[in-house]
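Chemist: In the working numbering, each residue's number is its place in the sequence shown (first place is 1) plus 53.
Note that CB positions come from ideal geometry on N, CA and C, so glycine has one too.
Nothing here was measured: the structure is a model prediction, and the numbers come from that model.
Sharing a structure, written as structure tokens. Questions coming.
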Amino acid sequence: MEYQTIKGEKVPSLGLGTYRLTGDACERAVEHALGMGYRHVDTAQMYGNEAEVGRGLEASDVDRGEIFLTTKVWPSDFAHDRVVSKTSESLKKLRTDYVDLLLMHWPGDGVPLGETLGAMRELHEEGSVLHIGVSNFSPSLLEEATEHAEIFCNQVQYHPYRSQDELLDQTQKLDYLLTAYTPLSRGGVQGDATLKEIGEAHGKTATQVTLRWLVQQEKVSAIPKATGEEHLAENLDVFDFELSEEEMDRVFSLSR
Ligand SMILES: NC(=O)c1ccc[n+]([C@@H]2O[C@H](COP(=O)([O-])OP(=O)(O)OC[C@H]3O[C@@H](n4cnc5c(N)ncnc54)[C@H](OP(=O)(O)O)[C@@H]3O)[C@@H](O)[C@H]2O)c1
Numbered sequence: 054m055e056y057q058t059i060k061g062e063k064v065p066s067l068g069l070g071t072y073r074l075t076g077d078a079c080e081r082a083v084e085h086a087l088g089m090g091y092r093h094v095d096t097a098q099m100y101g102n103e104a105e106v107g108r109g110l111e112a113s114d115v116d117r118g119e120i121f122l123t124t125k126v127w128p129s130d131f132a133h134d135r136v137v138s139k140t141s142e143s144l145k146k147l148r149t150d151y152v153d154l155l156l157m158h159w160p161g162d163g164v165p166l167g168e169t170l171g172a173m174r175e176l177h178e179e180g181s182v183l184h185i186g187v188s189n190f191s192p193s194l195l196e197e198a199t200e201h202a203e204i205f206c207n208q209v210q211y212h213p214y215r216s217q218d219e220l221l222d223q224t225q226k227l228d229y230l231l232t233a234y235t236p237l238s239r240g241g242v243q244g245d246a247t248l249k250e251i252g253e254a255h256g257k258t259a260t261q262v263t264l265r266w267l268v269q270q271e272k273v274s275a276i277p278k279a280t281g282e283e284h285l286a287e288n289l290d291v292f293d294f295e296l297s298e299e300e301m302d303r304v305f306s307l308s309r
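The following block contains the structure:
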């Protein structure tokens, strides 16, 4: 595993996404992933799977302190008291006293940004939320958010066909983590001729080249979702090779 350093703290560059993972399959995927060496898990109140994620965490032998766990509050729960009560529910379902990162899942409308982030700040002060972040925020909205809380992360869609140049610049200036969601373009990168060709030189698949390209960027983490052990293992196996500058640029050029 490799790590990104954000505000002096280390975050595992690769995590497990869990959107649409439910029931036993979710519990098993989380347990298997942790057994293989994953140390970062992404869920959300909206996914309806926090209890299964919690059971998977508990079933694994990995200490809670080694795992970077993220959940997210949905916009309909952005009022102060809803943020507090929904996060308390999350902690019960996840069977833990704290989450490493709590995100606003999407920008809201109606509830002032300061109210939602203020509630998250209170949770941070009492210790149930270690870091505060946002998701699907534009650079300007992110800048506004920093007036209300220290923003640790912006989780956005990022993969070879979707560039995020402006946010990437901002991550360096404001020192936050850009977490790439849908990093595999929902499996769409698998057959890409350019990615496959780059992979051949390293004995890696197009999927692995994609994940390597993401985690090799400063302040970027990726959270591919995978169900079975084969995909879980393939996605984790990206830390024993490096892409050259030219190979990185070839992947960047796929979105341009
Ligand atoms: N913040 C947000 O608004 C937001 C939005 C969307 C997603 N997310 C987060 O980001 C995570 C990842 O995004 P995503 O689930 O949309 O898409 P993704 O990770 O790009 O793709 C998941 C799909 O790729 C397949 N896959 C995984 N590994 C593979 C491999 N090695 N080879 C071939 N196919 C592979 C999976 O199949 P199997 O399941 O069969 O393995 C699944 O169908 C989500 O689970 C969620 O945690 C956040």
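1. Where does the unbroken alpha helix (DSSP H) through GLN334 begin, and where does it stop?
2. Using three-state DSSP, classify MET54 as helix, strand or coil.
3. According to DSSP, what are the bridge partners of LYS29?
4. Taking a contact to mean a Cβ-Cβ separation below 7 Å, would you say ALA198 touches VAL187 in this structure?
5. Compare the beta carbon distance of ILE59 and LEU227 with 7 Å and say whether it is the shorter of the two.
6. Leaving out five residues on either side along the sequence, give the residues of the same chain with a beta carbon under 6 Å from the beta carbon of LEU122.
7. Output the distance between the C-alpha atoms of MET54 and GLY61, rounded to the nearest integer angstrom.
8. For ILE59, which residues does DSSP report across the bridge?
9. Measuring straight from C-alpha to C-alpha, what distance separates GLU298 and LEU248?
10. When you compare the segment 106-115 with the segment 85-93, are there three or more beta-carbon pairs, one atom per stretch, that lie closer than 8 Å?
11. Using only the alpha-carbon positions, how far apart do GLU142 and GLY281 sit?
12. Give the straight-line distance between the Cα atoms of GLN57 and LEU267, rounded to the nearest whole angstrom.
13. For LEU74, tell me which candidate among MET99, LYS63, SER66 has the shortest Cα-Cα distance.
14. Using 8 Å as the cut-off, can you tell me whether the segment 131-140 makes contact with the segment 160-169, which would need three or more C-beta pairs spanning the two stretches below that distance?
15. Name the DSSP bridge partner or partners of GLN261?
16. Suppose the cutoff is 6 Å on Cβ atoms and the five residues either side in sequence are ignored; what does the same chain contact list for ALA86 look like?
17. Could you name each continuous beta strand (DSSP E) segment of 3 residues or more that falls completely within the segment 122-168, going from the start of the chain to the end?
18. Would you decide whether LYS278 is buried or exposed? Buried here means 16 or more other CB atoms lie within 10 Å of its CB.
19. State the beta-bridge partners of ASP95 as determined by DSSP.
20. Give the range of the alpha helix (DSSP H) segment to which ALA233 is assigned.
21. When the distance is taken between beta carbons, is PRO160 closer than 7 Å to LEU195?
22. Between the alpha carbons of ASP290 and VAL164, how many angstroms are there, rounded?
23. Apart from the five residues on each side of it in sequence, which residues of its chain come closer than 8 Å, Cβ to Cβ, to SER181?
24. Which residue marks the beginning of the alpha helix (DSSP H) containing HIS201, and which one marks its end?
25. With a CB to CB cut of under 7 Å and the five nearest residues on each side skipped, what residues in its chain are close to VAL136?
26. Classify LYS257 as buried or exposed, calling it buried when 16 or more other Cβ atoms lie within 10 Å of its own Cβ.
27. Leaving out five residues on either side along the sequence, give the residues of the same chain with a beta carbon under 6 Å from the beta carbon of ILE251.
Modeler: A quick look at the data gives this:
1. Residue numbering for the chain in the displayed model covers 54 to 309; residue 334 lies beyond these limits and cannot be assessed.
2. coil
3. In the structure as shown, the chain begins at 54 and stops at 309. Residue 29 is therefore absent and cannot be evaluated.
4. The Cβ atoms of ALA198 and VAL187 sit closer than 7 Å to each other.
5. no
6. For LEU122, where only same-chain residues beyond five positions count, the Cβ hits under 6 Å are VAL94, VAL152, ASP153.
7. 18 Å
8. GLU62
9. 14 Å
10. Segments in contact, yes.
11. 28 Å
12. 12 Å
13. MET99
14. yes
15. Paired residues: none, contrary to the question.
16. If we look at ALA86 and ignore the five residues flanking it on each side, its Cβ neighbours are LEU69, LEU285.
17. Here the runs fully enclosed are 152-157.
18. buried
19. GLY70, THR123
20. It is not in any alpha helix (DSSP H) - ALA233 instead sits in the beta strand (DSSP E) that spans 230-234.
21. no
22. 42 Å
23. Around SER181: THR140, SER141, LEU144, ASP150, TYR151, VAL152.
24. Element bounds for HIS201: n/a, residue is neither H nor E.
25. VAL126, ASP130, THR169, ALA172, MET173
26. buried
27. VAL262, GLU300
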